[in-house]
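Protein chains in written order, with the numbering used here: chain W, 57 to 641; chain L, 1338 to 1806.
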Amino acid sequence: MTAQRAYRRLWLALLALLVAVGVTYAISFRILGGGSNLDEFVAAMTAVPDYQNVLLVNALVGISVALFIYELRWNAVRVVATVAIALALGYLMTAIFNLDNANRFTRGEFRVAIESDAEPVENDDVELEYGQRRGDEFNRAGVAEPLRQAEYRFEGRAGDEVTVLAYAANRRSLVNLQASLIGPDGETLASATSATEAQLDAYDDLVSERDAVIENVTLPADGIYTISVSPEPLPGDLIVSETLAATNQAYEAFLLGPLGRVNRWAVWIQDALSLILVGLAIVIVFRARQFSLGAEGQIYLGALAAGVVVLNTSALPGILLIPLALLSAMVVGFLWGLVPGALKAYLGANELVATLMLNSVAIRFFDLVLTYQLKPANVGYVVSENFPDHSVLPVIVGGTQVTVAVFLVILAVIAVWLLITRTPLGYEIRMIGANIRFADYGGVNTRRTIMLAMAVSGAIAGLVGAHLSMGIHRMLILNISVGLAFEGVVVALLARNNPLVVPFTGLLYAYLRAGAQFMERDANVSFEVVRIIQAVIILLITAEAFITFFRRRRSPRRDTVLRGQGPEQQMLEVTTPAAEEKASV
Amino acid sequence: MFESVVQGIFSAAFLAAMLRVATPILLPSLGALLSDRAGVINIGLEGMMLGSAFTGVIVSAYSLQWLGPETGAALGPWLGLLAGVAVAVLMALLLGFFHLRLKADLILSGIALNILGSAATVAIMYELTGDRGNTSNLRSLVVPFIQLPSFINDIPIVGPFIYGVFNNQSVMTWVAFLSVGVVWYVLYRTPFGMHLRAAGENPAAAESVGIRVVRTRYMALVLSGVFAGLGGIHMSMGYLNLFQRDMTAGRGFIALAVPLLGGNHPIGTGLASLVFGFFDALAIRIGSLQIPSQVPQMIPYIATVMALVIYALQARQTLRVRALRAAEGENFNAPRWRAIQRLSVLHVFLAMIAVIGLIVSANLLAAPNAFGGPDSANPLAAGIGVISIILIAASAPFIARVERTASHALLSAAVSTLSLAVYLGLFLALFFEVGVALAIGAILGAAVWLVLGGRRLIQRDQRLAPATS
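Structure follows, in structure tokens:
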């Protein structure tokens, strides 16, 4: 039995390793320049500065993938499926946002021209005469009553042969036109919706076959003729195909954007470093079943502490200054985590509300100190001075903000893993997470443990703040973190609160965030789409019964409530402490 | 500077502002109360408020475009209100579906809904207006403001004051305060309210007597969604006339703490939301002075944490008193314990005000330049800090063990008197000499202590003394 299990484990490890090598190679191949054979690839790769370190980071990405597979086994499939469902929903949403994409064929500037070899008739009451052109713009954006149809009149004589052109005024205008010529008696003489290749060659004004040409009409009588121009109505299949094309383009930017050149890759990696650390911070509190979102405030105060240390003791050499700044950020984060920890542990104050409120207090405090104390007087906007060069985290890939924080993150992952699985505190945290009353009964000092769990989590969140200020921005700015704590929740939940899986889920989620940035830049789809995907992921990953839902529908549901408090809820490693609170109050 | 604050507080305009800013806290608080009493605490209030605030603005703006200026202006606000509340209810149903049907964790689902509300509003706003900050380039409507008949202004003495407070308030403000009564009636005078409370207190027992707990909880979530929706509508179509990203600024979370401060009772919730309205309005008022806006902006959040702490301490003491009552049986002296409990709340409250003092002191120390340079800020910070620490230390023993309030009644009286003398004295120093102000503060402090229950403790001590010896 054990031999069989070890055998299976070996296969799993081999599979994980194989995937890891594949992922490392694929990423490196794409961002370091490709080529059709290995020699070309090596040549392109060695041209990139610091390519060794890029390879190193990619190898770490591969290791994260391997750990993800090895640690979660079948649950890995579930995580991937959840993300895939969320992405599919995001695709649907992006498609809805792009539904108006086909509308570009109904708006834009246009011109109408009438040409004839006959002598023009002078008439000041009409808009056109032979050889002249007039124009306007259809469906201009932001106008109360946009132009939907335009009419131009000209005076003609019986027997004149005229040609009517309706065309887009410039290259930017994609309007698809239709034109008709209406006689003096109101009867439509001719109409057109497109231009042929030959016509495009014959008339220089025409831009594309979307323009309309009414060629060589002989006028039947003297009188005022009317040219009516409007955008062609959109056919349904065009709307669909245009929407899908735009959505596919957006999603391509979303899903492949971070694997562009090294600078795009770096956006992904440096964001992942922050997210992995926040994820670790959240894992610690979630393991103790504390819904603390205090990471946000701790990030701000950690950044502030690091910034104050760096700016005030810049005389120290970097080798002392950087560890000092990191340490002070961790200490401040620890202390700020201790506050809600103590309130929860000793007073039973709801930690979710308390931490959210303390976040607001910490952010106001950060703003206050930055605005009035750290901002140099001669700077127009609210930032601190640039950190001195020797005090920022050393960069390992030139031209990016991928710094030695990579190694800090590795250390942090190992430290949190050791803390949770190999130390008494971690044991107590896990016991509280599994069953707080049993832990209490078994002699665990639950209050102290809860408080310490929230404080240690705060220390890691403080480190995130130091990374943001000393690694990414290299100064203090307002809004240095925008809701990172919530991103951490997704990272921790996807990792099923396993610190060894956090690197993968952090990378995965950072990949989506970076992709969303490129999608916004390249395809003009709001970045917030990724936060909607985030919400969907949280809902799906916590809905344990999601898979069995359809099966359960058929069975009678008499005792749902009782079941809800039974062992099923324990399956989830993170469950509400509300029930316990209710019981203990 | 402080004179203007004080005068401002006692003006009708300030009370009117208080009602206005209490509304978007009171409405979701009633939602939080209902969901909490049903045992399904609705963490998603914030997201629901955002969803409804945004929908209201969009629907009212488009109804203006589609229905024309006249019918649009007349119907738009109500269509916006309906649509906004509908969105909030849908989100509540989603939460209910995921929690009650799919067994998703209630708190995490709530967090997800908040993210959804925050993100979806910004994404759709960007699609519709091209702006990701606010909807200022979209002309939207506000719900009507109720004008009082002008004869109220003519009533002698109180007339102008009442008129000043209640005139020109949004419909939503009236709805909010009337809802307190409605919620009270529903909770305590209807079968549904009884089922709701039962489902919250002991779902298994409720189920066993035939109450359909899941359905009741769905209903509670839907009702909390309605109230969150109304609160959101007030934010964007009453309090302001546009939607800003994340404009609720944590009110949905503050609302979770308000019922706790109000003893989980509708009327208490109404009063507690007025307390928050007071702090909010005060923050706005102080913000117009020469103080950095960040400091007053912290106050509502600190007040929320204080509310959590006071509730937690109260809950614990109630448990102990209940245990004592069970143990002592006939001998249990209920009035005496009520007095002790009231006094312990006083001690907690006094210590909490001192905590605000500590935070202000920390702000002064951290950013002296914001308060007129280190020379004036540092001594002020030190003074406030030391006094705050002394007052906290003095109150701490009575918070740690409530019995000390009785066993050391005179000490408790001294601490309360001292604290109140400081707080009230600082306040009264605006009108009198410092010494006189402190004296009046001390007298008032002693009076408060006696009225809250000290009188009874002293009497009890005197009567018990010979018996125990």
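Virtual Cβ for every residue (Gly too), placed ideally from N, Cα, C.
Return yes when the Cβ of residue j is within less than 9 Å of the Cβ of residue i, no when it is not.
i	j	result
L:ALA1441	W:ALA599	yes
L:ILE1591	L:TYR1638	yes
W:GLU193	W:SER229	yes
L:LEU1533	L:LEU1430	no
W:GLU207	W:SER284	yes
W:THR456	W:ASN319	yes
W:LEU399	L:VAL1394	no
W:GLY489	W:ALA351	no
L:GLU1383	L:GLY1537	no
W:LEU382	W:ILE516	no
L:ARG1582	L:MET1462	yes
W:ALA174	W:ARG213	yes
W:LEU331	W:GLU543	yes
W:HIS121	W:ARG552	Going by the sequence as given, residue 121 of chain W is Val instead of His. Cβ distance not < 9 Å, so W:VAL121 and W:ARG552 don't count as in contact.
L:VAL1692	L:ILE1724	no
W:PHE153	W:VAL581	yes
L:PHE1391	L:THR1458	yes
W:MET510	W:GLN326	no
With DSSP as the reference, identify every bridge partner of residue i, one or two as the case may be.
i	result
W:GLY164	W:PHE194
L:ASN1471	L:GLN1581
L:SER1507	L:PHE1482
L:VAL1458	Per the sequence shown, the amino acid found at residue 1458 of chain L is Thr instead of Val. Answer is none; L:THR1458 lacks a bridge partner.
W:VAL451	W:THR459
W:PHE210	W:LEU184 and W:TYR281
W:GLU171	W:THR219
W:PRO287	W:LEU233
W:ALA248	W:ALA235
W:VAL439	W:ILE533
In angstroms, rounded to a whole number, what distance separates the CA positions of residue i and residue j?
i	j	result
W:ASN114	W:ILE83	7 Å
L:SER1348	L:LEU1363	22 Å
W:GLU576	W:PHE583	6 Å
L:ALA1410	L:THR1510	21 Å
L:THR1553	L:GLY1720	54 Å
W:ARG266	W:ALA258	15 Å
L:ALA1423	L:ALA1398	17 Å
L:GLY1790	L:LEU1524	31 Å
W:GLY187	W:ASP156	36 Å
L:ASN1668	L:ARG1662	8 Å
W:VAL110	W:VAL453	7 Å
L:ASN1451	W:THR505	29 Å
Output the boundary residues of the alpha helix (DSSP H) element that contains residue i.
i	result
W:VAL469	461-478
W:LEU595	584-598
L:SER1713	1711-1737
W:GLN188	No alpha helix (DSSP H) holds W:GLN188; DSSP gives it neither H nor E.
L:ASN1490	1488-1491
W:GLU543	540-550
W:VAL269	Element bounds for W:VAL269: not the alpha helix (DSSP H) but the beta strand (DSSP E), 268-274.
L:PHE1564	1550-1571
L:HIS1684	1671-1703
W:ASP423	407-425
L:TYR1576	Careful: L:TYR1576 lies outside any alpha helix (DSSP H) and carries neither H nor E.
Start and end of the beta strand (DSSP E) containing residue i?
i	result
W:ARG320	Element bounds for W:ARG320: not the beta strand (DSSP E) but the alpha helix (DSSP H), 318-343.
W:VAL218	217-224
Under the criterion of a Cβ to heavy atom distance below 8 Å, does residue i qualify as lining the ligand HEM?
i	result
W:GLU185	By its list of ligands, the structure shown contains no ligand whatsoever, and the ligand HEM lies outside what it can speak to.
- request: Mind checking the stretch 575-593 of chain W against chain L and listing, in chain order, the residues whose C-beta falls within less than 7 Å of any C-beta there?
  value: SER582, GLU584, VAL585, ARG587, ILE588, GLN590 and ALA591
query: Between the stretch 1442-1466 of chain L and chain W, which residues of the former have a C-beta closer than 9 Å to a C-beta of the latter?
result: ASP1442, LEU1443, ILE1444, LEU1445, SER1446, GLY1447, ILE1448, ALA1449, LEU1450, ASN1451, ILE1452, LEU1453, GLY1454, SER1455, ALA1456, ALA1457, THR1458, VAL1459, ALA1460, ILE1461, MET1462, TYR1463 and GLU1464
field: Short-range partners of chain W found in the stretch 1365-1395 of chain L, where Cβ spacing is below 8 Å
entry: GLY1376, ILE1378 and ILE1380
message: To be precise: take each residue of the stretch 506-519 of chain W, compare its Cβ to all Cβ atoms of chain L, and keep it if any distance is under 7 Å. Which residues remain?
response: none
field: Residues from the stretch 389-417 of chain W in contact with chain L, defined by Cβ distance under 7 Å
entry: LEU399, LEU403, GLY404, ALA405, ASN406, LEU408, VAL409, ALA410, LEU412, MET413, LEU414, SER416 and VAL417
field: Contacting positions in the stretch 1558-1569 of chain L - beta carbon closer than 7 Å to chain W
entry: none
message: So if I threshold CB-CB distances at 8 Å, which residues from the stretch 1610-1629 of chain L count as touching chain W?
response: PRO1629
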